[in-house]
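Take a look at the structure set out below.
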């Protein structure tokens, strides 16, 4: 097998660290950031108890961000390429500098981040990139094959996807930053249906290495839920007492998080804008002691402790590359406490920056019960599995629409008594925070809608007394 | 016709293909294909007329897909050497071997003629990658300034995206294709903020993304100046517009809005992989199941829908698909009845449908091709009415312009859409905008309520760059043509009331 260090295009092979050093040495700009990312990934996909697609892929990207100081400000140019050979690096660096000249002064220009002693991510610079391969499924694939056998035996169809990705990112800057982060990301989604497709259930898990993925347990949980669906109950649209499991809560909170940036709020353009001007920071959003936070060191959800980006927008700036990303509370004890804010916007508004983090946790102080406990204490209500096709309807309130999917259950007297048709909902996650009646304990969960982009969440199950099921969906 | 970029042709296309396909054959693959791509992208955004972001990207890589002992294997790499191409072919076979444990359906592909050394290039005039960045930023700043100069516009967002896609494909049957296509999208949005009342409203241009070059922003294919001149006025009217009364309304829907409804409720629902369950755990299935081919009453008799990958300037248009199938045009719905699906070679063989109609597509050299959407379009009536004539036939209704929010369920029944502008109609006349409007329906009810389609003069090719499907997620660009249309008795929601206020 080819060594990873040779993974470049048809020129001289160099390691990602060497790529970063050479590009920085070639730079004639006033400032320069280089990002080299090695990525390996593998996946299996299946439907109707058989394989549909699969793959094992490797890639390397190099991004060069050049900054040029001028009389009217600092300009930046960004070029990103896959698999750049050593011979092609100079052309890439020069092109980034030309892009900066063409761009003119950048609105979000800031001095590049300086190194600090002991910054997280500064260790292991010389270590080679990590790597994954299809062999990561060595025990998972046979276990899945056995699950297909059981499913054929009892008349069920299995669908789903398993993926493992390992990204090693190396960031170097002309100010002397040398930072490195390895990010493993894995997920499994398992969906079971009756042969006529009229019943459908889902379970998903995130995993860093597939070591703890228990196909038998996932399959068993689906079998139990398919049995719940033996009894069908048709219910009309309306507002229902509803229990949302952690996965569904994650999908709603991720959307809230993506909207939570200071600049848009300060300019009056989001649900977090205050009537009369400014943002709603300091405003109570929930009566319950809910905390929504991100922490690069959160156990089981660890992610990059420094910022890397090739894109500037209201929530992040490429001038902030390499800045340490601390744990941040977005909502504390029910009060909005922070919004994502670049160093530029923080400086302009006399506030502190707050950087995006690739994980999200919702917690309620003292909550201990699990999903089963919430069900057990329900007189009559709905228990959801997933939310799907979530889109903004009204940004003023962050009203979202979407569908329930793969299991809406009727709970009566503390027990599931049947399966209900799906609904289209119209709800705002911000408005919802103020109406949550009960919160369970926080657990690591895989969201359904956004797990292509966001797999690291820990959420509680919640009870909402009046969730808006706007119309009935015949879809299964 | 523009030439294929010489820099792409200088890559070792044939040599790597020979190394990969040769190695796959040696390892016993019954089929192998090799695809090398270079995808150049540029994305520029301005906020309040100031440059916010300009990202230039280039992705080069290749993939080997094999059928080995009846099982798929796929692998991808980025090292453009013969040795690496052979290694990636070995990995594709290794992936097939690991996957055999979960495969129970022998993979066979529908026959397709061999096309040796063919080329295809999309139609455009000016390659936007040849236009200086300063000119692009300058044009977007000028357009932003025009909006910001108007009363009531507090902020603007401007976006320009361009993609140059080069594909080389070769397979063990002897087909080899070299292709190039270009696409471009631009949009400007104006935002009005009423800080005192804590309210804001926005409105975006309706110009569609197209398979054209820079000339789309400077030439006659879209009236940018006219739309930018009117946008602030429309936005101001919307901020003061009355909130809609929910209930049943007749709708005249403009193609700038309907393309997205076609995309969601017909385009995706007639993908055969969805109907067969391949997307069941992710994008979903379809109510338009295979057993209903030829019988399902999809809509009223005036509904005629085609699929094609051939219409000039279409975003899904190309000469040959990612399995070496020559692209085509075919009927999906004829006189309101489902008569066709979108196919790839595996499904065409599985369902004994003859040739594939050429819908295999992978969005990058590191992704496996899956069946992706053709340009799925509603056909106009040859002597059909104008938009004004359709409006004249409505007593109480809404005229819907421009797409905005969209959502549909996993079986493609229940959808809900909003728009850029909803104008009231009273006694055949437009009465001004209403706000907080969403229309919601079940697919077959909605298309069943289609009373009239407009004439060819009302037809417009809309579309999007960002259609998502498959796992790992893949993004595809696709166009949808539509005439102006008249629907009777569609459910209208008030989105503020939906939010419980």
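Residue numbers (the numbering used here), protein chains in the order written: chain A, 637 to 1112; chain B, 7 to 507. Glycine included, each C-beta is placed from N, C-alpha and C at the ideal position.
Comparing C-alpha positions only, which one of the options sits nearest to residue i?
| i | options | result |
| --- | --- | --- |
| residue 247(B) | 172(B), 426(B), 422(B) and 146(B) | 426(B) |
| residue 945(A) | 11(B), 59(B) and 367(B) | 59(B) |
| residue 373(B) | 691(A), 684(A), 687(A) and 686(A) | 691(A) |
| residue 940(A) | 759(A), 788(A) and 1110(A) | 759(A) |
| residue 1007(A) | 972(A), 768(A), 888(A) and 1080(A) | 1080(A) |
| residue 117(B) | 449(B), 359(B), 484(B) and 404(B) | 359(B) |
| residue 1001(A) | 970(A), 1066(A), 1023(A) and 1022(A) | 970(A) |
| residue 67(B) | 693(A), 858(A) and 840(A) | 693(A) |
| residue 392(B) | 327(B), 443(B) and 462(B) | 462(B) |
| residue 300(B) | 273(B), 337(B), 343(B) and 362(B) | 343(B) |
| residue 152(B) | 225(B), 237(B) and 127(B) | 237(B) |
| residue 156(B) | 25(B), 54(B), 283(B) and 169(B) | 54(B) |
| residue 356(B) | 27(B), 96(B), 113(B) and 464(B) | 113(B) |
| residue 708(A) | 1095(A), 728(A), 821(A) and 745(A) | 745(A) |
| residue 403(B) | 484(B), 440(B), 7(B) and 371(B) | 440(B) |
| residue 90(B) | 228(B), 136(B), 395(B) and 30(B) | 30(B) |
| residue 960(A) | 983(A), 849(A), 931(A) and 935(A) | 931(A) |
| residue 740(A) | 711(A), 766(A) and 985(A) | 711(A) |
| residue 973(A) | 903(A), 893(A) and 782(A) | 893(A) |
Is any beta-carbon of chain A found at less than 7 Å from that of residue i?
| i | result |
| --- | --- |
| residue 6(B) | With chain B running from 7 to 507 in the structure shown, residue 6(B) is simply not present. |
| residue 284(B) | yes |
Quick check on residue i - is its C-beta less than 7 Å from some C-beta in chain B?
| i | result |
| --- | --- |
| residue 638(A) | The predicted position of residue 638(A) is uncertain, since its pLDDT is 33 and thus under 50; a value taken from the coordinates is nonetheless stated next. Taking Cβ atoms only, chain B reaches closer than 7 Å to residue 638(A), which makes this a yes. |
| residue 945(A) | no |
| residue 641(A) | Note that residue 641(A) scores a pLDDT of 35, beneath 50, so its modelled location is shaky; the value from the coordinates is reported in the next line. Output row for residue 641(A): interface = no. |
| residue 768(A) | no |
| residue 894(A) | no |
| residue 1066(A) | no |
| residue 919(A) | no |
| residue 1030(A) | yes |
| residue 822(A) | no |
| residue 1069(A) | no |
| residue 796(A) | yes |
| residue 981(A) | no |
| residue 778(A) | yes |
Please classify residue i: is it buried, with 16 or more other beta-carbons within 10 angstroms of its beta-carbon, or exposed?
| i | result |
| --- | --- |
| residue 489(B) | buried |
| residue 645(A) | Here residue 645(A) scores only 45 on pLDDT, less than 50, and its place in the model should not be relied on; the value that follows carries that caveat. With 16 or more other Cβ atoms within 10 Å, it is buried. |
| residue 385(B) | buried |
| residue 852(A) | exposed |
| residue 1016(A) | exposed |
| residue 920(A) | exposed |
| residue 771(A) | exposed |
| residue 870(A) | exposed |
| residue 138(B) | exposed |
| residue 320(B) | buried |
| residue 912(A) | exposed |
| residue 789(A) | exposed |
| residue 390(B) | buried |
| residue 705(A) | exposed |
Residue j and residue i - do their beta-carbons sit closer together than 7 Å?
| i | j | result |
| --- | --- | --- |
| residue 458(B) | residue 376(B) | no |
| residue 1113(A) | residue 1106(A) | As displayed, chain A neither begins before 637 nor continues past 1112, which places residue 1113(A) out of reach and without an answer. |
| residue 133(B) | residue 44(B) | no |
| residue 314(B) | residue 335(B) | yes |
| residue 883(A) | residue 1084(A) | yes |
| residue 1109(A) | residue 1060(A) | yes |
| residue 599(A) | residue 937(A) | In the structure as shown, chain A starts at 637 and stops at 1112, and residue 599(A) therefore has no counterpart that could be examined. |
| residue 1077(A) | residue 1004(A) | yes |
| residue 455(B) | residue 495(B) | yes |
| residue 250(B) | residue 396(B) | no |
Count the CB pairs spanning the segment 180-190 of chain B and the segment 122-129 of chain B that are closer than 8 Å, and state whether there are at least three.
-> yes
Sufficient close CB pairs (3 or more, under 8 Å) joining the segment 855-869 of chain A to the segment 304-318 of chain B = The segment 855-869 of chain A vs the segment 304-318 of chain B: no contact.
Please determine if the segment 101-115 of chain B and the segment 69-80 of chain B are in contact, where contact requires at least 3 C-beta pairs separated by less than 8 Å.
-> yes
Quick check: the segment 964-980 of chain A against the segment 782-798 of chain A, are there 3 or more CB pairs under 8 Å?
-> no
Using a Cβ-Cβ cut-off of less than 8 Å, give me the residues of the segment 402-425 of chain B that come near chain D, in sequence order.
-> Looking at the structure shown, chain D is missing, and the protein chains on hand are A and B.
With contact counted as at least three CB pairs below 8 Å, one residue from each stretch, are the segment 46-53 of chain B and the segment 647-666 of chain A in contact?
-> At 8 Å Cβ cutoff, the stretches do not touch.
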